[in-house]
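Chemist: Protein chains in written order, with our numbering: chain A, 1 to 302; chain B, 1 to 302.
We put the beta carbon where it would ideally sit given N, CA and C, even for glycine.
Let me give you the structure first, and then I'll get to my questions.
Protein chains: 2
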Amino acid sequence: MHALPLILLTAAAVTGTASQAAQAAKARTMQQVLETTTAADWRQPDPASTLYLDLASGRVIIELAPGYAPLHASNIKTLVRGHYFDGLAILRVQDNFVTQWGDPDAGDAAKARSLAAASKTLAPEFERAIDARLAFTRLPDGDVYAPEVGFSDGFPVARDPKAGKTWLAHCYGMVGAGRDNGVETGNGSELYVVIGQAPRHLDRNIALVGRVVQGMELLSALPRGSDAMGFYDKPEQRLPIKSVRLEADVPAAERTPIELLRTDTPAFTALIESRRNRSDEWYKLPAGKISLCNVPLPVRSK
Amino acid sequence: MHALPLILLTAAAVTGTASQAAQAAKARTMQQVLETTTAADWRQPDPASTLYLDLASGRVIIELAPGYAPLHASNIKTLVRGHYFDGLAILRVQDNFVTQWGDPDAGDAAKARSLAAASKTLAPEFERAIDARLAFTRLPDGDVYAPEVGFSDGFPVARDPKAGKTWLAHCYGMVGAGRDNGVETGNGSELYVVIGQAPRHLDRNIALVGRVVQGMELLSALPRGSDAMGFYDKPEQRLPIKSVRLEADVPAAERTPIELLRTDTPAFTALIESRRNRSDEWYKLPAGKISLCNVPLPVRSK
């Protein structure tokens, strides 16, 4: 249909050098990798840790990461079950950075919505101890910010083995809990999602709590706010939130069943390889490398 | 005005360790760096290499990079001076990837707009020889994809000193010339801009031709297309282009005068340092590192 599509998903590779050609010949395309997956390569997100953020434009699905931010995940569930977010709004969209939502009146004690049974402060879950029981599929090409990077239970993570610490990484689509200057001031009542180049300098400075697994375009394509830091300057620019619910609390008929590719399998390792060395005909010089936030995390309807 | 802004631009650093605190104490904030710049730290883009892409929503300003893609820059100027883009449209917006514009009928020889005096094919300007006359401000923290990265004449670039090659890097806001499978099929009549995580695997596979220096949000916040690769499936979803003009051809009264921070000065090196070690009070653990596509390239109205 079109003369100059930027990417064509077609056949074998024409590469820059003989060694690269040999490398690429071994690599399958991501599509080929996905076509050979079996049911065991996929998992359903836990309905008790999956949020439905419903907007007039559609549904955003967020998988929480209780393995990395258990207190935040628990507090967010308490907020959600108390209908805290229903009728609140998207308040901030800063280009190449974040979209953020919560209570527009949070700064005004007289008007702010009550957190009810949820905590106002939480211990700062910015990193956690490395535990041998945590799955870790390490990427082979290094990272600018951390000694090691890879994937753990479907999330992009970084590690510092010397310090014995690991943490979720600020990649596109990751969701975090906004905080004020105090490290305990984040409680999950104001959330942001990364919509631009990975702001990895935020890693270990703020609690990431999960990841958007479907509906990202409903948060990334919003008009940018013109106030400082991308806050909307007029209340009518804010996008209302219809509701945020736990999947577990939603009747079966209203659920959106999805499956996520596991990140601790040979299929996922093959997927990484397919993206390190693109073998589509369009590519002339496969990179032979991949950066953490460039690895796609496939999702399919169930 | 707000309880939990994600970023507060305030005073001194409270850091994680003594060595990090010492490092951060030396670092100024980006705002402090910008406040101490002088006129000599700024430059005006060359009007003969600056494009105004005018949409109903406003003006996008693109600085071409003739130092890296001279044939493409020249062909794009020929197209622009022949009013090639006027009345064409934005055809494709793929989430976390690119926004692309050109002729919707490019694939239909009977209906496609003529390129007139412009070339239909161009030699592939995917990289160029390193030349000692090219300015290069190298970043200290490495890169996943290339041996060296930094900035040259206001553009993010990568280098392979052993191969003697350098190339523009696919960071947020970079503009490239779409091509088909043949390496000479890109001619600048269909252009894309990066709107998500840097797709660095495209480096050296396609000609980058410049960078959006103002108005990025007019291209990044558009509705995503629902066809394959983000093409709009209905013609009415395409966003019309009013005109693309060279700044040099625009009457003075209609110009948008801007200045860009030079990237070969001590001020720019200080800016990089201010972003490697954030000294705002909000940050508890300055990264001490920065990745190529996370360095901001300041622009101001003149």
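Nearest chain A C-beta to I95/B closer than 7 Å, yes or no?
Modeler: The sequence as given places Asp at residue 95/B; Ile does not occur at that position. Chain A contact via Cβ: present.
Chemist: Pick out the complete beta strand (DSSP E) segments inside the stretch 167–240 of chain A, 3 residues or longer, and give them in chain order.
Modeler: Entirely contained in the stretch 167–240 of chain A, the beta strand (DSSP E) runs reaching 3 residues are, in chain order, 174–177, 191–194, 208–214.
Chemist: In this structure, does DSSP put F268/A in helix, strand or coil?
Modeler: helix
Chemist: For Q94/B, count the other beta carbons within 10 Å of its own beta carbon; 16 or more makes it buried, fewer makes it exposed. Which is it?
Modeler: buried
Chemist: Under 7 Å, Cβ to Cβ, is there at least one residue of chain A near A163/B?
Modeler: no
Chemist: Is the number of C-beta pairs between the stretch 66–86 of chain B and the stretch 268–276 of chain B that are closer than 8 Å three or more?
Modeler: no
Chemist: Nearest-angstrom Cα distance between S74/B and Q32/B?
Modeler: 39 Å
Chemist: Are the CB atoms of S243/B and N187/B within a distance shorter than 7 Å?
Modeler: no
Chemist: Decide if D203/A is buried, meaning its Cβ has at least 16 other Cβ atoms within 10 Å, or exposed.
Modeler: Residue environment for D203/A: buried (at least 16 other C-beta atoms within 10 angstroms of its C-beta).
Chemist: For my contact list, E184/B and L122/B are in at a C-beta cut-off of 8 Å; report their separation, rounded to the angstrom.
Modeler: 6 Å
Chemist: State the Cα-Cα distance for the pair K77/B and G164/A, rounded to the nearest angstrom.
Modeler: 55 Å
Chemist: Distance check for L134/B and S291/A, CA to CA, integer angstroms please.
Modeler: Each residue's Cα considered, the two are about 27 Å apart.
Chemist: Can you confirm whether A287/A, when its beta carbon is compared against all beta carbons of chain B, has any partner nearer than 7 Å?
Modeler: yes
Chemist: With a threshold of 7 Å between beta carbons, is D141/B in contact with chain A?
Modeler: yes
Chemist: If you compare alpha carbons, which of T50/A, R92/A, A221/A is closest to M229/A?
Modeler: R92/A
Chemist: Going by other Cβ atoms of all chains shown within 10 Å of its Cβ, with 16 needed for buried, is A287/B buried or exposed?
Modeler: buried
Chemist: When the distance is taken between beta carbons, is H72/B closer than 7 Å to A158/B?
Modeler: no
Chemist: Counting only Cβ pairs nearer than 7 Å, list the residues of chain A close to P223/B.
Modeler: A221
Chemist: Please name the residue or residues paired with S301/B in a DSSP beta bridge.
Modeler: I258/B
Chemist: With the cut-off set at 7 Å, would you say Q44/A and E259/A are in Cβ contact?
Modeler: yes
Chemist: In whole angstroms, what separates the C-alpha of N312/B from that of R238/A?
Modeler: Since the first residue shown for chain B is 1 and the last is 302, residue 312/B is missing from the structure and cannot be characterised.
Chemist: Counting along the chain, where does the alpha helix (DSSP H) carrying A73/A start and finish?
Modeler: 70–81
Chemist: Closer than 8 Å, Cβ to any Cβ of chain B: which residues of the stretch 27–52 of chain A, in chain order?
Modeler: Residues passing the 8 Å Cβ filter: none.
Chemist: Is the stretch 167–181 of chain B in contact with the stretch 138–158 of chain B, if contact means three or more CB pairs nearer than 8 Å?
Modeler: The stretch 167–181 of chain B vs the stretch 138–158 of chain B: in contact.
Chemist: Please report the distance separating the alpha-carbon of A65/A from that of S220/B.
Modeler: 28 Å
Chemist: What residue range does the alpha helix (DSSP H) around V60/B cover?
Modeler: Counting along the chain, V60/B falls outside any alpha helix (DSSP H), though it belongs to the beta strand (DSSP E) covering 58–64.
Chemist: Exposed or buried, what is G58/A when buried is set at 16 or more other beta-carbons lying within 10 Å of its beta-carbon?
Modeler: exposed
Chemist: Got a sec? Which residues, its chain only, sit under 8 Å from D233/A by beta carbon, not counting five neighbours each side?
Modeler: G225, S226, D227
Chemist: Would you please verify whether the beta carbon of V144/A is less than 7 Å from any beta carbon of chain B?
Modeler: yes
Chemist: I'd like to know whether the C-beta atoms of F136/A and G150/A end up nearer to each other than 7 Å.
Modeler: yes
Chemist: Can you tell me the Cα-Cα spacing of V175/B and P251/A, whole angstroms?
Modeler: Going by the C-alpha atoms only, they are around 46 Å apart.
Chemist: Can you tell me which of the three DSSP states R43/A falls into?
Modeler: R43/A falls in the strand class under three-state DSSP.
Chemist: Which value, in whole angstroms, describes the spacing of the CA atoms of A248/B and P47/B?
Modeler: 5 Å
Chemist: Starting from Q100/B, trace the beta strand (DSSP E) in both directions and tell me its first and last residue.
Modeler: Segment 98–102, the beta strand (DSSP E) holding Q100/B.
Chemist: I think L218/B touches L55/B, with their Cβ atoms under 8 Å apart; what is that distance to the nearest whole Å?
Modeler: 6 Å
Chemist: Quick one: what's got a C-beta closer than 6 Å to P240/B's C-beta in the same chain, skipping five residues either side?
Modeler: Excluding residues within five positions, the ones whose Cβ falls inside 6 Å are A89.
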